[in-house]
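In what follows, a structure is listed as structure tokens, so that the remarks can point back to it.
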Ligand SMILES: *[C@@H]1O[C@H](CO)[C@@H](O)[C@H](O)[C@H]1NC(C)=O
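Numbering (this note's numbering), first residue to last: 664 to 1132.
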């Protein structure tokens, strides 16, 4: 369309007295109408060439909300991200057992006893999934023995007699692992005690079931069966470099998975669809025991809401809390984000900023030597200044490792001291029932200098804005 200088819009070359164009302008006008279609044709041809030649995944650069990279393609960098991760070696297991044996020896304890689970996995490579708990006890027993003046660990496995073959299939690191089998008509606890190098006081895994403690206690008069002290609990709480490397990769890939799923999302998608995509992405990453909480809009106001088929609306934030395990070591990441096509109410965006600031405040407070309650308090005081403290209804964080939630915890009332090798989630939130929920979660560890370092740092660390999780 030609716009003439006197303000008239000309769609034809008819004479128009009101416009009264000069002959010069008329010639230009003619010229314009002949050449513009030519130029347009050239551009159209170029555009079609681009359409034909450029692979489809490039288009999300042009128009991200309508053209997406195929999900399977987006998962390929995720599936190789932890390819070089290695499981805990036999020699690291032996070191753990030796540490444990030394503490037992120093405390005059004859054995540390654990059921299949996180502690038995840590000391003896027996996870809860490699041996399911039943009413028949299978126990890992670690005893101190003196060899050439040095304290070594002796491993004994108490197993139901009819299951001995299966118990021997467990790969338990350690030299000279022995098996004590109890027949169905015998007292398993008497057989356990008799199989130990010495008879005396016993430490048990704090998660052991009570009937086992009772059984051990009643098998020999006069011995004490008590939960392992902090010194032993800390062997698992304070992670080694190898453990930290596994957790780094697991957390990085979890965040990459959230971002890959965000890129696939659109207004109108359902919580259940996103949950399935998350599970797929986490499994593609090689994580096991995966979980994904996907909550839209007001559903996120319940911190542990279960998700539904709710459809994503333009005004909804998306909350994804997810993770999985890499060779037993867990990740846990939460992001609250929007899509490019979202239009989030301003007060909700402000809550996002409040939570983001609280996460930062907690991170700055976390250092070796600091009491865990203080870190929780610093997130809370950041929210108090912004007038939203009452909406932060849960503790700030939990320890993480072989268990998704483990000691120590970042919560008010806890006086545990933060130490090198400790690992925590940092997950403040604001929850307003019936309206909105915002939570941001990154896990961190305490390095050798005593400073906090995010496991997600290698892939950009905490969320930058609601659009960039
Ligand atoms: C620990 O057990 C797993 C199977 O549950 C096995 O693959 C792995 O090799 C074992 N590790 C060691 C060091 O024996």
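The beta carbon of each residue, even a glycine, is placed where N, CA and C say it ideally should be.
Three-state secondary structure assigned by DSSP to residue i
i, result
"residue 869", "coil"
"residue 1120", "helix"
"residue 715", "Residue placement at residue 715 is flagged as unreliable, the pLDDT there being 46, under the threshold of 50; a coordinate-derived value is accordingly withheld."
"residue 1089", "strand"
"residue 1010", "helix"
"residue 912", "helix"
"residue 818", "strand"
"residue 856", "helix"
"residue 753", "helix"
"residue 1015", "helix"
"residue 1069", "strand"
"residue 843", "strand"
"residue 1054", "helix"
"residue 807", "strand"
"residue 653", "No information on residue 653 is available, as it lies outside the stretch 664 to 1132 that the chain covers here."
"residue 950", "coil"
"residue 738", "coil"
"residue 1038", "helix"
"residue 1045", "helix"
"residue 931", "coil"
"residue 989", "strand"
"residue 974", "strand"
"residue 762", "helix"
"residue 1076", "coil"
"residue 1061", "strand"
"residue 723", "Any reading at residue 723 must be qualified, since the residue scores a pLDDT of 37, below 50, and its modelled position is unreliable; no value is offered."
"residue 1031", "coil"
Beta-bridge partners of residue i, as assigned by DSSP
i, result
"residue 1100", "1094"
"residue 1026", "DSSP output for residue 1026 lists no bridge partner at all."
"residue 998", "983"
"residue 802", "821"
"residue 959", "981"
"residue 774", "865"
"residue 1109", "1115"
"residue 813", "810"
"residue 1128", "1131"
"residue 889", "866"
Any non-hydrogen atom of ligand 1 within 8 Å of residue i CB
i, result
"residue 982", "no"
"residue 833", "yes"
"residue 905", "no"
"residue 1128", "no"
"residue 751", "yes"
"residue 788", "yes"
"residue 969", "no"
"residue 645", "Lying outside 664 to 1132, the shown extent of the chain, residue 645 is not represented and no answer is given."
"residue 1000", "no"
"residue 785", "no"
"residue 1041", "no"
"residue 978", "no"
"residue 756", "yes"
"residue 793", "yes"
Closer than 8 Å: residue i CB and nearest ligand 2 heavy atom
i, result
"residue 868", "Of the ligands one can find in the structure shown, namely ligand 1, none is ligand 2."
I want to know whether the segment 884 to 895 touches the segment 831 to 843 - three or more CB-CB distances under 8 Å. no
Could you check whether the segment 899 to 910 touches the segment 765 to 778, counting it as contact only if at least three pairs of C-beta atoms, one from each stretch, sit closer than 8 Å? no
Meets three-Cβ-pair contact criterion under 8 Å: the segment 847 to 862 and the segment 826 to 837: no
Inter-stretch contact (C-beta, 8 Å, three-pair minimum) for the segment 977 to 988 and the segment 956 to 967: yes
Between the segment 1006 to 1020 and the segment 1041 to 1053, are three or more C-beta pairs nearer than 8 Å? yes
With three or more C-beta pairs closer than 8 Å as the rule, is the segment 928 to 936 touching the segment 990 to 1005? yes
Flag this pair as touching only if the segment 1025 to 1034 and the segment 1065 to 1082 have three or more C-beta atom pairs under 8 Å; answer yes or no. yes
Per the contact definition of three or more C-beta pairs closer than 8 Å, is the segment 962 to 969 in contact with the segment 1082 to 1102? yes
Contact between the segment 946 to 953 and the segment 736 to 749 is defined here as three or more beta-carbon pairs at a separation below 8 Å; is this criterion met? yes
Three-pair Cβ contact test at 8 Å for the segment 877 to 891 versus the segment 1073 to 1092: no
Evaluate contact between the segment 1032 to 1039 and the segment 1118 to 1130, counting only Cβ atoms and requiring at least three cross-stretch pairs below 8 Å. no
Could you say if the segment 800 to 816 and the segment 918 to 926 meet the contact criterion of at least three C-beta pairs nearer than 8 Å? no
Is it true that the segment 899 to 906 meets the segment 1078 to 1085, where meeting means three or more beta-carbon pairs spaced less than 8 Å apart? yes
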